[in-house]
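Chains as they are written, first to last, in the numbering used here: chain V, 1 to 218; chain D, 1001 to 1267.
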């Protein structure tokens, strides 16, 4: 865990609002660990999952407001991390279901573990990506129904998308979910990112961000 | 109490020492632990935070393990590294007057480990507001003073009574210092999400600055200024109106290295 500055290497536009930012620096991290990035529009740093793209450290950013717009605009970013627990899947073959902004995380996970990756997106991506992509809600739900023969699933996306995936897959295999509770410190100090689970409160920045779906929703 | 540099890590924000991962301890005058209560507290249900450019609203609700577990952790050496690296301030509170006294009693055998005890009278995220009943408050200030042989600091907010009058009472009861101010009750609505909590961040600075100014003009207490200190200039302003030290809280969330930058200016 340390403070550092990141210098942008490349900005890859995936579609109208989603980008991959690659950096010149190298950081050791585990799958689903994240960094807290400073923006000029919020008093707190924002968490972004770490991944790789074109052999470089990378994050995916969906521009949804001035903070995320700042991150894709800047040549240099202040951050600290890596934060959170690294995701270690159970034995067997798994599948990651993610949004387009999670491509760097998905790419990294697939390099480390025996898993397939499926991307759900509202729009067609503007570049070729190395994973199957389904566009639109109907196609996404159909894709979920077709996923069989896996020992575990990992889902990373919006709250709404994660719940839909959990409900669709919970009877097929264990579903792990990367939750999105608001964070301030990212290091376990503030206790802001509390999540109610059946085992009591968990703090996503130190107990997560990935929890078993059944801990939260069963 | 002599703090070099005159910079305190604020209670709550600093957790139980976690920021030593990100801040060089040479730049920390004292590190205030999260508030400990008599009974363990789960804190408030999520969502607990919302942040904008000018403020943060938190609704943590004093989540902590309770004094018995804290003492167990202390005795088992969980905080040894923290004590080795920095001066530590113990922060405590209760859900009624009696609980403040019970925590103090339990901590008496351990009081020498701490540079000061900060009594949190002003958390906006719990139901009990000790500042609203000054006669009871006075009794408690006297009782706590009798029990504890440490540098005693009252953390005061601006809700409940005029802060300078409260500070005078604190001084009259033989206490050594005050932390001014705490977060203030606030509400944020974002779509269907409603967060009821305590507001902090740059928006608090003029309020905190006025409070420190008033208290300095009325008392000789050691003043730890807290509220909206985001950079070296903010810290300078609080020293100009009479603060003895500045407490850094919400600014840590934007940039933990701010502590080092402020410290280098005021070492």
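Quick reminder that beta carbons are idealized off the backbone N, C-alpha and C, glycines included. Just so it is clear, the structure is predicted and the values come from calculations on it, not from any experiment.
Exercise. Near residue 1184(D), which residues of its chain fall below 6 Å by C-beta distance, leaving aside the five closest residues on each side in sequence?
Worked result: Cβ neighbours of residue 1184(D) beyond the five flanking positions: 1199.
Exercise. DSSP state of residue 1011(D), grouped into three classes?
Worked result: Three-state result, residue 1011(D): coil.
For this session: Tell me, please, whether the CB atom of residue 1227(D) is closer than 8 Å to any CB atom in chain V?
Result: Using a Cβ-Cβ cut-off of 8 Å, residue 1227(D) does not count as an interface residue toward chain V, since no Cβ of chain V sits closer than that to its own.
For this session: Check the DSSP bridge columns for residue 62(V) and list the partner residues they point to.
Result: Note: residue 62(V) is bridge-paired with 18(V) in the DSSP secondary-structure output.
Exercise. In three-state terms, what does DSSP make of residue 1053(D)?
Worked result: In this structure, DSSP gives residue 1053(D) a state outside helix and strand, which the three-state scheme calls coil.
Exercise. By the criterion of Cβ-Cβ separation under 7 Å, what are the contact partners of residue 1053(D) in chain V?
Worked result: Ordered by position in chain V, the residues that pass the 7 Å Cβ test against residue 1053(D) are 41, 42, 43.
Problem set entry | Selection of the stretch 1005-1019 of chain D by Cβ proximity to chain V, strictly under 9 Å | Those would be 1012, 1013, 1014, 1015, 1016, 1017, 1018, 1019, in chain order.
For this session: With distances taken Cα to Cα, identify the nearest neighbour of residue 1172(D) among 1191(D), 1143(D), 1182(D), 1188(D).
Result: Among 1191(D), 1143(D), 1182(D), 1188(D), the Cα nearest to that of residue 1172(D) belongs to 1143(D).
Exercise. So residue 10(V) and residue 22(V) are in contact, right, with Cβ under 8 Å, and what is the actual spacing, rounded?
Worked result: 4 Å between Cβ atoms; contact.
For this session: Assuming residue 1115(D) contacts residue 1087(D) (C-beta within less than 8 Å), just tell me the rounded distance between them.
Result: The pair is a contact, with the Cβ atoms about 4 Å apart (cut-off 8 Å).
Problem set entry | Three CB pairs or more closer than 8 Å across the stretch 1014-1022 of chain D and the stretch 1246-1260 of chain D | Touching, per the Cβ criterion.
For this session: Determine the chain V residues that contact residue 1257(D) at a beta-carbon separation under 7 Å, and present them in chain order.
Result: In chain order: 3.
For this session: For residue 1021(D), go through chain V and note every residue whose CB falls closer than 7 Å to its CB, in chain order.
Result: Residues of chain V passing the Cβ test: 1, 187.
Problem set entry | chain V contact for residue 1060(D) (CB, 8 Å cutoff) | With a threshold of 8 Å between beta carbons, residue 1060(D) makes contact with chain V.
Exercise. Quick one: is residue 57(V) near chain D, going by C-beta distance under 8 Å?
Worked result: No, no contact with chain D.
Exercise. If we ignore side chains and look at the alpha-carbon of each, how far apart do residue 1203(D) and residue 1162(D) end up?
Worked result: Residue 1203(D) and residue 1162(D): Cα-Cα distance of roughly 20 Å.
Problem set entry | Interface partners of residue 1035(D) on chain V, CB under 9 Å | By Cβ distance, chain V contributes nothing, its closest Cβ being about 11 Å from residue 1035(D), past 9 Å.
Exercise. Would you call the stretch 1022-1032 of chain D and the stretch 210-217 of chain V touching, i.e. three or more CB-CB distances under 8 Å?
Worked result: Verdict: no, contact absent.
Problem set entry | Cross-chain neighbours of residue 1050(D) in chain V, by beta carbon under 9 Å | The contact set of residue 1050(D) on chain V, defined by CB atoms closer than 9 Å, consists of 182 in chain order.
Exercise. Nearest-angstrom Cα distance between residue 1095(D) and residue 1158(D)?
Worked result: Straight across, the Cα-Cα distance linking residue 1095(D) with residue 1158(D) is about 19 Å.
For this session: Please classify residue 1087(D): does DSSP put it in a helix, a strand, or coil?
Result: The three-state secondary structure of residue 1087(D), taken from DSSP, is coil.
Problem set entry | residue 1004(D) in three-state terms, based on DSSP | Here DSSP, grouped into helix, strand and coil, assigns residue 1004(D) to coil.
Exercise. If you draw a straight line from the C-alpha of residue 74(V) to the C-alpha of residue 1141(D), how long is it?
Worked result: Spanning the two alpha carbons is a distance of roughly 52 Å.
For this session: Count the other C-beta atoms from every protein chain shown that fall within 10 angstroms of the C-beta of residue 1004(D), then say buried if there are 16 or more, exposed otherwise.
Result: Label assigned to residue 1004(D): exposed.
For this session: Run through the stretch 121-149 of chain V for me and flag every whole alpha helix (DSSP H) of 4 or more residues, listed as ranges in chain order.
Result: Counting whole runs of 4 or more residues, the stretch 121-149 of chain V contains the alpha helix (DSSP H) stretches 137-146.
Problem set entry | CB contact flag (residue 144(V), residue 165(V), <8 Å) | Yes; because the gap between Cβ atoms is below 8 Å, this pair is in contact.
For this session: Evaluate residue 1009(D) with the Cβ neighbour count: other Cβ atoms within 10 Å of its Cβ, from every protein chain shown; 16 or more gives buried, anything less gives exposed.
Result: Residue burial is scored here from C-beta neighbours: residue 1009(D) has at least 16 other C-beta atoms within 10 angstroms and is therefore classed as buried.
For this session: Report buried or exposed for residue 5(V), applying the criterion of at least 16 other Cβ atoms within 10 angstroms of its Cβ.
Result: So residue 5(V) counts as exposed.
Problem set entry | Sufficient close CB pairs (3 or more, under 8 Å) joining the stretch 1204-1211 of chain D to the stretch 192-203 of chain V | Contact between the stretch 1204-1211 of chain D and the stretch 192-203 of chain V is not established, with fewer than three Cβ pairs separated by less than 8 Å.
For this session: Go to residue 1137(D), then tell me how far its alpha helix (DSSP H) extends in each direction, as first and last residue.
Result: Start and end: 1134-1147.
Exercise. With C-beta atoms as the reference, is residue 1154(D) less than 8 Å away from residue 1121(D)?
Worked result: Their beta carbons are under 8 Å apart, which means residue 1154(D) touches residue 1121(D) by this criterion.
Problem set entry | residue 1057(D) versus 1033(D), 1187(D), 1227(D), residue with shortest Cα-Cα distance | Closest option to residue 1057(D), Cα to Cα, is 1187(D).
For this session: Mind checking which residues open and close the beta strand (DSSP E) that includes residue 195(V)?
Result: Counting along the chain, the unbroken beta strand (DSSP E) around residue 195(V) starts and ends at 194-197.
For this session: Measure the alpha-carbon distance for residue 76(V) versus residue 1101(D) and round it to whole angstroms.
Result: Note on geometry: alpha-carbon atoms of residue 76(V) and residue 1101(D) lie some 51 Å from one another.
For this session: Please work out which residues of its chain come closer than 6 Å, Cβ to Cβ, to residue 1152(D), disregarding the five sequence neighbours upstream and downstream, and give them in chain order.
Result: Excluding positions up to five away in sequence, the list reads 1117, 1175, 1176.
Exercise. So, does the CB of residue 1179(D) fall closer than 8 Å to a CB anywhere in chain V?
Worked result: By this cut-off, residue 1179(D) is not an interface position.
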